[in-house]
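For reference, the structure is listed below as structure tokens.
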Amino acid sequence: MSQPKHALLAIYLQPRVLGMAALGFSAGLPFLLVFSTLSAWLRDSGIELSVIGFFSWVGLTYSIKVIWAPVVDHLPLPMLTAWLGKRRAWLLLAQIGIALGLLAMAMIEPRQSLALLAALAVWVAFCSATQDVALDAYRIEAVAIRWQAAMAAMYVFGYRVALLTAGAGAFFLAEWQTWAFAYQAMAALMAVGMLTTLFIAEPVHVESVRSEQAGLWHIVVAPFLEFFRREGRLAWVILLLIAVYRLSDITMGVMANPFYLDMGYSKAEIAEIGKVFGFLMTLLGASLGGVLVLRFGLAGPLWLGALLTASTNLLFAWLAGQAPDWVKLAWVISADNFGGGLAGSVFIAYLSSLTSSAFTATQYALFSSLMTLPAKLLGGVSGMIVERFGYSWFFVYSALLGVPALALVVWVMQRRKPIPADSP
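Just so we're aligned: 576 in my numbering is position 27 of the sequence shown, and the numbers increase by one with no gaps anywhere.
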């Protein structure tokens, strides 16, 4: 017998489920502040595009968080762990680190202390990635399996609101006051996560009975071996597909905000069109991606996502040759965010299909790291390409980066065997 609707909706009123929205907000807030919003601040301060491109390497921190994840999982923090417990102690420490880092960034004038600003951005990214590790562990341990979907839904909602805040909100504040004021306000908003961490309950932990050597094997080596055993020689092609699928949009994203500013759009216009309207189109694309996967499976939507991601970059190449026009900008940004949202949701479903139930968290962390690492490395030289060839050719180049993904999707999806339902 099906449950009444009010009983299903009541799940979202549970304290831990509601708390995930606030914790998702805390996780999403720092991301743009060390990525595209920081790029806009640097360009607005007169920093060269080549230097801005190198700043995108700050995002590499998120791609390598799997390296110190075992430390967050096992190492107790003096006093904090005894007071708050294993997960909340690391959450609070990371959140305090993010807030202090953002406050310190707000005190710097980029042209006078660029190296220090870069170091602080790395610190904020490191603390943010550490928060992600602790939060993923908390989310899994906090509630029963049947509530995990509700927890994930609230987390995504909070994260998206944070992206809107750190994007459009920061632009509005910078236009009204200064970039320093905007970053001070963002630092203050980290109190949302800190207060939530203090009020939520620590989950019950199931301590491992494995030795440290066995635990290291389980965390690092066994997931690799299981994946290669299951996929065989095709595993290498799958890993190559993961590495190149997001090359096009992540590489382009580094130069997006500097491009808008150089075209003559105000920060308020960028916030209104690029952040708010683009945010809604991202949600629409992501929703459609989920529907397409349910209706047609993974192969077709995965290829469509790769096509949209690459082809929408050509719209930016066209826009670079036009006079500033907010209507044209709105159409191009809408198409780009729609395609990115669709590709993102479909690719997450694909990565999830690659994991074994025995190593879901570890394998997914490894796949997601590989997904962003090559794109972050290429993004670092994007400013040099713009300075040498101009924005139009840069966007053509970023579109061409998506071509290998189109071919690899066809190759892999024709040859990969489905995972058996009883796969461990």
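Backbone N, C-alpha and C fix where the C-beta goes; we use that ideal spot for every residue, glycine too.
Contacting residues, own chain, Cβ-Cβ under 8 angstroms from residue i (five flanking each side not counted)
i, result
"R592", "L598, I601, N806, P807, L810 and D811"
"Q871", "K877"
Three-state secondary structure assigned by DSSP to residue i
i, result
"G870", "coil"
"A556", "Residue placement at A556 is poorly supported in this model, since its pLDDT is 49, which falls under 50; the coordinates are not used for a value here."
"M628", "coil"
"P619", "helix"
"P752", "coil"
"Q680", "helix"
"E821", "helix"
"L713", "helix"
"F730", "helix"
"Y985", "In this structure the chain extends from 550 to 973, so residue 985 is not present and cannot be described."
"G929", "coil"
"S894", "helix"
"L841", "helix"
Distance, residue j Cα to residue i Cα
i, j, result
"F944", "L878", "15 angstroms"
"M743", "G781", "45 angstroms"
"F721", "I819", "9 angstroms"
"A670", "R844", "42 angstroms"
"S760", "S947", "At S760 the pLDDT is 41, less than 50, meaning the model places this residue with poor confidence and gives no usable figure here."
"V620", "L582", "26 angstroms"
"N886", "L712", "13 angstroms"
"A892", "L833", "12 angstroms"
"T610", "A674", "6 angstroms"
"T858", "V952", "10 angstroms"
"W672", "Q963", "43 angstroms"
"G928", "L868", "21 angstroms"
"F826", "Y814", "15 angstroms"
"M739", "A686", "20 angstroms"
"F604", "I822", "24 angstroms"
"L651", "G634", "26 angstroms"
"Y708", "T831", "13 angstroms"
"D681", "S594", "31 angstroms"
"G975", "W632", "A query on residue 975 cannot be resolved here, the shown segment of the chain reaching from 550 to 973 and no further."
"W785", "V961", "10 angstroms"
"D798", "Q661", "31 angstroms"
"L853", "A653", "43 angstroms"
Nearest neighbour of residue i, chosen from the options [CA to CA]
i, options, result
"L949", "S894, L863 and G893", "L863"
"R688", "F916, I822, A570 and G889", "A570"
"A648", "A576, Q563, E775 and L847", "A576"
"E775", "V935, L903, P564 and T921", "L903"
"I749", "Y732, R636, L783 and W960", "R636"
"E936", "I596, G568 and V566", "I596"
"A848", "M739, F896 and A835", "F896"
"T800", "W852, V930 and W875", "V930"
"L789", "A737, T921, G932 and R778", "T921"
"S677", "M628, Q661 and I645", "I645"
"Y899", "F773, W880 and V958", "V958"
Spatial neighbours of residue i in its chain, beta-carbon cut-off 7 angstroms, leaving aside the 5 residues before and after
i, result
"V741", "A571, F574 and S575"
"T861", "A884, D885 and G888"
"P850", "G838, L841, V842 and V895"
"V710", "F574"
Close-in-space but distant-in-sequence residues of the same chain around residue i (CB under 6 angstroms, 5 per side omitted)
i, result
"A954", "V793, Y794 and A855"
"A729", "A655"
"T630", "A638"
"Q746", "The amino acid occupying residue 746 in the given sequence is Thr; Gln does not appear at that position. Correct list, in chain order: R637, L640 and L641."
"M703", "V566, M569 and A570"
"A723", "A731 and K816"
"G608", "F584 and K925"
"G890", "T831, G834 and A835"
Heavy atom of the ligand MN within 7 angstroms of residue i beta-carbon
i, result
"G742", "Although the ligand MN was asked about, the structure shown includes no ligands whatsoever."
*Could I get the ranges of all uninterrupted alpha helix (DSSP H) runs contained in the stretch 579-603, with 4 residues as the minimum, in chain order?*
585-593
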